[in-house]
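Peer 1:
Protein chains: 2
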Amino acid sequence: MKISILGGTGPQGRGLALRFARAGIEVAIGSREAARAADAATELGALLNPAAAAISGHDIRAAVAQADELVILAVPYSAHDATLESIKDLLVGKVLIDIAVPLAQGDPKRVAMPAAGSATEAAQALLGESIPVVGALHNVSATVLNDLEHSINCDVLVCGNDLAAKEKVIELIRKLDVAAYNCGPAESARCIEAITPILIRLNISKKVPFTHAGIRICPPDAH
Amino acid sequence: MKISILGGTGPQGRGLALRFARAGIEVAIGSREAARAADAATELGALLNPAAAAISGHDIRAAVAQADELVILAVPYSAHDATLESIKDLLVGKVLIDIAVPLAQGDPKRVAMPAAGSATEAAQALLGESIPVVGALHNVSATVLNDLEHSINCDVLVCGNDLAAKEKVIELIRKLDVAAYNCGPAESARCIEAITPILIRLNISKKVPFTHAGIRICPPDAH
Numbered sequence: 041m042k043i044s045i046l047g048g049t050g051p052q053g054r055g056l057a058l059r060f061a062r063a064g065i066e067v068a069i070g071s072r073e074a075a076r077a078a079d080a081a082t083e084l085g086a087l088l089n090p091a092a093a094a095i096s097g098h099d100i101r102a103a104v105a106q107a108d109e110l111v112i113l114a115v116p117y118s119a120h121d122a123t124l125e126s127i128k129d130l131l132v133g134k135v136l137i138d139i140a141v142p143l144a145q146g147d148p149k150r151v152a153m154p155a156a157g158s159a160t161e162a163a164q165a166l167l168g169e170s171i172p173v174v175g176a177l178h179n180v181s182a183t184v185l186n187d188l189e190h191s192i193n194c195d196v197l198v199c200g201n202d203l204a205a206k207e208k209v210i211e212l213i214r215k216l217d218v219a220a221y222n223c224g225p226a227e228s229a230r231c232i233e234a235i236t237p238i239l240i241r242l243n244i245s246k247k248v249p250f251t252h253a254g255i256r257i258c259p260p261d262a263h
Numbered sequence: 041m042k043i044s045i046l047g048g049t050g051p052q053g054r055g056l057a058l059r060f061a062r063a064g065i066e067v068a069i070g071s072r073e074a075a076r077a078a079d080a081a082t083e084l085g086a087l088l089n090p091a092a093a094a095i096s097g098h099d100i101r102a103a104v105a106q107a108d109e110l111v112i113l114a115v116p117y118s119a120h121d122a123t124l125e126s127i128k129d130l131l132v133g134k135v136l137i138d139i140a141v142p143l144a145q146g147d148p149k150r151v152a153m154p155a156a157g158s159a160t161e162a163a164q165a166l167l168g169e170s171i172p173v174v175g176a177l178h179n180v181s182a183t184v185l186n187d188l189e190h191s192i193n194c195d196v197l198v199c200g201n202d203l204a205a206k207e208k209v210i211e212l213i214r215k216l217d218v219a220a221y222n223c224g225p226a227e228s229a230r231c232i233e234a235i236t237p238i239l240i241r242l243n244i245s246k247k248v249p250f251t252h253a254g255i256r257i258c259p260p261d262a263h
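Protein chains in written order, with our numbering: chain S, 41 to 263; chain Z, 41 to 263.
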């Protein structure tokens, strides 16, 4: 199995590449500059033991072409729409996993949602319904992802309009030893994406006794 | 200390009345019919041991008048705006705690937010900025609240535009032995209120091994 991670040289992309490669999934990371992506792939590979799957580096379009089916969009939100426009033709037959959180300019404690309602809905509108978009992995701290000594302190809330695509993404994410839940249609991204700035606010506030807070679905307490 | 709970005869209101009275806080429950509120107060009191604070029943306006400062609005969402209009004059000098979740008609797995963005923002707009509105307690299952044998499996995400009011509400909620966090301005209610239908969806889906899911803020995992 081979996935691609666009924006794979950023903190979120690097952490995801490490975690997926360690779980045995080949990763093609994409960046605007192929050389930068190749350097990052080499660096990341050196952090993993030889049993891990390979990480390779490419320009954005070449990275998309490498994916069997699943393409993770982890570019900065400012490049979200332009990146999608530039790869739309290559995404036919694939599934886009959108992890974007539209943080307000200059204030990571707030969202500034696009007119479509959320980044996931904007991506789905831009790509058209024949290319399934699945929103996921919004609420996982990049620091946590890159800290391979620890497990991920977050459940993953997954949304999108195509159930089969969501099920594939949930299966992928569970390979990281985290719980992943189908949280409904793309519209649910209005909530799920907006959880991230709330976590950032808590981390900044010093009102919690930790940084890099995550969010989890909890069963009723036992006695 | 005495609070009032409007809609105190509904499942959420009853559970909150029980929990707060058990924690030593007097509760005046309000309902459209004073007799129904009085009956509910008697029933609820009988479920608690004699060390608990008193629960009394009143019509809506009389219940508001009983509160020292904090008034919880727990009426069905369909009665949200009309109830606020009917008590606006009595809320001067008090703090309204809005627990409403604007679920879509006929589909508790979705929200249908009002034009203001969320119920909390709609309440704040209706009451005017001089009466602070604090959104809280949206994500706690009524079944969990009413099950006094178990603790509450949920953190409480609190939002609103008035910091002093939020701090009072956080202090109140912590008396229920749950964590409560300041999650920013009233606008954060667009996210917080929308978490509830996601939890309802999970509970209905049978994809989680439990019902009455809650949501919690989690620290990074230890080794």
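Using N, Cα and C, we set each Cβ at its ideal position, and we do this for glycine too. Quantities reported herein were computed from a predicted structural model and do not represent experimental measurements.
Would you give the residue range spanned by the alpha helix (DSSP H) that asparagine 243 (chain S) belongs to?
Peer 2: Segment 229 to 245, the alpha helix (DSSP H) holding asparagine 243 (chain S).
Peer 1: Per DSSP, which residues does alanine 220 (chain S) bridge with? Please list them.
Peer 2: DSSP output for alanine 220 (chain S) lists S:Val196 as bridge partner(s).
Peer 1: When you compare only the Cα positions, how much space is there between leucine 203 (chain Z) and cysteine 258 (chain S)?
Peer 2: If I take the Cα positions, the gap works out to 28 Å.
Peer 1: Please report whether the beta-carbon of leucine 197 (chain Z) lies at a distance below 8 Å from any beta-carbon of chain S.
Peer 2: Chain S contact via Cβ: present.
Peer 1: Along chain Z, in chain order, which residues have C-beta atoms closer than 7 Å to that of histidine 252 (chain S)?
Peer 2: Correct list: Pro260.
Peer 1: If you reduce the DSSP assignment to three classes, tell me which class glutamate 73 (chain S) lands in.
Peer 2: Residue state, collapsed to three classes: coil.
Peer 1: Considering only the alpha carbon of each residue, which of Z:Leu46, Z:Lys42, Z:Arg59, Z:Ile45 lies closest to threonine 183 (chain Z)?
Peer 2: When only C-alpha atoms are compared, the closest one is Z:Arg59.
Peer 1: Tell me the rounded alpha-carbon separation between alanine 234 (chain Z) and valine 141 (chain Z).
Peer 2: Whole-angstrom Cα-Cα distance: 7 Å.
Peer 1: According to the Cβ coordinates, are proline 237 (chain S) and lysine 128 (chain S) closer than 8 Å?
Peer 2: No.
Peer 1: What residues in its chain sit with their C-beta under 8 Å from that of histidine 190 (chain S), if we drop five residues either side in the sequence?
Peer 2: Once the five neighbours on either side are set aside, the close Cβ partners of histidine 190 (chain S) are Val184.
Peer 1: Between alanine 57 (chain Z) and isoleucine 232 (chain Z), what straight-line distance do the alpha-carbon atoms span, to the nearest angstrom?
Peer 2: Whole-angstrom Cα-Cα distance: 22 Å.
Peer 1: Since tyrosine 117 (chain S) meets chain Z, which of its residues come closer than 9 Å, beta carbon to beta carbon?
Peer 2: What tyrosine 117 (chain S) touches in chain Z: nothing, since even the nearest Cβ is about 17 Å away.
Peer 1: Among the candidates Z:Val67, Z:Pro249, Z:Val209, Z:Glu73, whose CA atom is the shortest distance from the CA of alanine 176 (chain Z)?
Peer 2: When each option's Cα is compared against that of alanine 176 (chain Z), the closest is Z:Val209.
Peer 1: Determine the extent of the alpha helix (DSSP H) in which lysine 215 (chain Z) is found, giving its start and end residues.
Peer 2: It is not in any alpha helix (DSSP H) - lysine 215 (chain Z) carries neither H nor E in the DSSP assignment.
Peer 1: Pick out the complete beta strand (DSSP E) segments inside the segment 130 to 215 of chain S, 3 residues or longer, and give them in chain order.
Peer 2: Within the segment 130 to 215 of chain S, the complete beta strand (DSSP E) runs of at least 3 residues are 135 to 138, 147 to 151, 173 to 175, 196 to 200.
Peer 1: Name, going along the chain, the residues of the segment 230 to 252 of chain S whose beta-carbon falls closer than 9 Å to a beta-carbon of chain Z.
Peer 2: Correct list: Arg230, Cys231, Ile232, Glu233, Ala234, Ile235, Pro237, Ile238, Leu239, Arg241, Leu242, Ser245, Lys247, Val248, Pro249, Phe250, Thr251, His252.
Peer 1: Please state if the CB of aspartate 261 (chain Z) and the CB of asparagine 193 (chain S) are separated by a distance shorter than 8 Å.
Peer 2: The answer is yes: Cβ separation under 8 Å.
Peer 1: For a quick check, are the C-beta atoms of glycine 50 (chain S) and alanine 114 (chain S) less than 8 Å apart?
Peer 2: Cβ atoms of glycine 50 (chain S) and alanine 114 (chain S): closer than 8 Å.
Peer 1: Run down chain Z in chain order and give the residues with a C-beta less than 8 Å from the C-beta of valine 141 (chain S).
Peer 2: The premise fails here: valine 141 (chain S) is roughly 11 Å from chain Z at the closest Cβ pair, so nothing lies under 8 Å.
Peer 1: Roughly how many angstroms separate the alpha carbons of cysteine 199 (chain S) and threonine 251 (chain Z), rounded to a whole number?
Peer 2: Using only the alpha carbons, I get a separation of about 20 Å.
Peer 1: Taking just the CA atoms, how far does alanine 68 (chain S) sit from alanine 103 (chain S)?
Peer 2: About 5 Å.
Peer 1: For serine 158 (chain S), which of S:Lys42, S:Val174, S:Val132 has the nearest alpha-carbon?
Peer 2: Measuring from the Cα of serine 158 (chain S), the nearest candidate turns out to be S:Val174.
Peer 1: Quick one: list the residues of chain S neighbouring glycine 224 (chain Z), beta-carbon separation under 8 Å, in chain order.
Peer 2: What glycine 224 (chain Z) touches in chain S: Lys149, Arg150, Pro237, Ile238, Arg241.
Peer 1: State yes or no: is the beta carbon of arginine 101 (chain S) nearer than 8 Å to at least one beta carbon in chain Z?
Peer 2: For arginine 101 (chain S), the answer is no, since every Cβ of chain Z falls outside 8 Å of its Cβ.
Peer 1: May I have the straight-line CA-CA distance separating alanine 229 (chain S) from glutamate 161 (chain S), to the nearest angstrom?
Peer 2: Taking the straight line joining both Cα atoms gives about 8 Å.
Peer 1: CB leucine 46 (chain S) to CB valine 135 (chain S), shorter than 8 Å?
Peer 2: Going by C-beta atoms, leucine 46 (chain S) is not nearer than 8 Å to valine 135 (chain S).
Peer 1: So, with DSSP's three-state summary, where would you put leucine 110 (chain Z)?
Peer 2: Three-state DSSP puts leucine 110 (chain Z) in a strand.
Peer 1: By the three-class DSSP mapping on this structure, what secondary structure does leucine 87 (chain S) have?
Peer 2: Here leucine 87 (chain S) sits in coil by DSSP.
Peer 1: Which residues in the same chain as valine 248 (chain Z) place their Cβ atom closer than 7 Å to its Cβ, once the five residues preceding and following it in sequence are excluded?
Peer 2: Within the same chain, valine 248 (chain Z) has close Cβ partners Leu242.
Peer 1: Determine, for asparagine 193 (chain S), whether the minimum Cβ-Cβ distance to residues of chain Z falls below 8 Å.
Peer 2: Answer yes: the Cβ-Cβ gap between asparagine 193 (chain S) and chain Z drops below 8 Å somewhere.
Peer 1: Does the beta carbon of arginine 256 (chain Z) sit closer than 8 Å to a beta carbon anywhere in chain S?
Peer 2: Answer yes: the Cβ-Cβ gap between arginine 256 (chain Z) and chain S drops below 8 Å somewhere.
Peer 1: By Cβ distance below 8 Å, which residues in the same chain neighbour arginine 101 (chain S) in space, the five residues on each side in sequence not counted?
Peer 2: Counting only Cβ-Cβ distances below 8 Å, and skipping sequence neighbours, we find Gly70, Ser126, Ile127, Leu130.
Peer 1: Out of Z:Asp121, Z:Leu239, Z:Asp99, Z:Lys42, state which residue places its alpha-carbon closest to the alpha-carbon of alanine 155 (chain Z).
Peer 2: Ranking Z:Asp121, Z:Leu239, Z:Asp99, Z:Lys42 by Cα distance to alanine 155 (chain Z) puts Z:Asp121 first.
Peer 1: For isoleucine 171 (chain S), collect the residues of the same chain with a Cβ closer than 6 Å to its Cβ; drop the 5 residues on either side in sequence, then sort them by chain order.
Peer 2: Counting only Cβ-Cβ distances below 6 Å, and skipping sequence neighbours, we find Leu131.
Peer 1: In this structure, does DSSP put glycine 97 (chain Z) in helix, strand or coil?
Peer 2: Glycine 97 (chain Z): strand per DSSP, three-state reduction.
Peer 1: Any beta-carbon of chain Z closer than 8 Å to the one on valine 184 (chain S)?
Peer 2: With 8 Å as the cut-off, valine 184 (chain S) counts as an interface residue toward chain Z.
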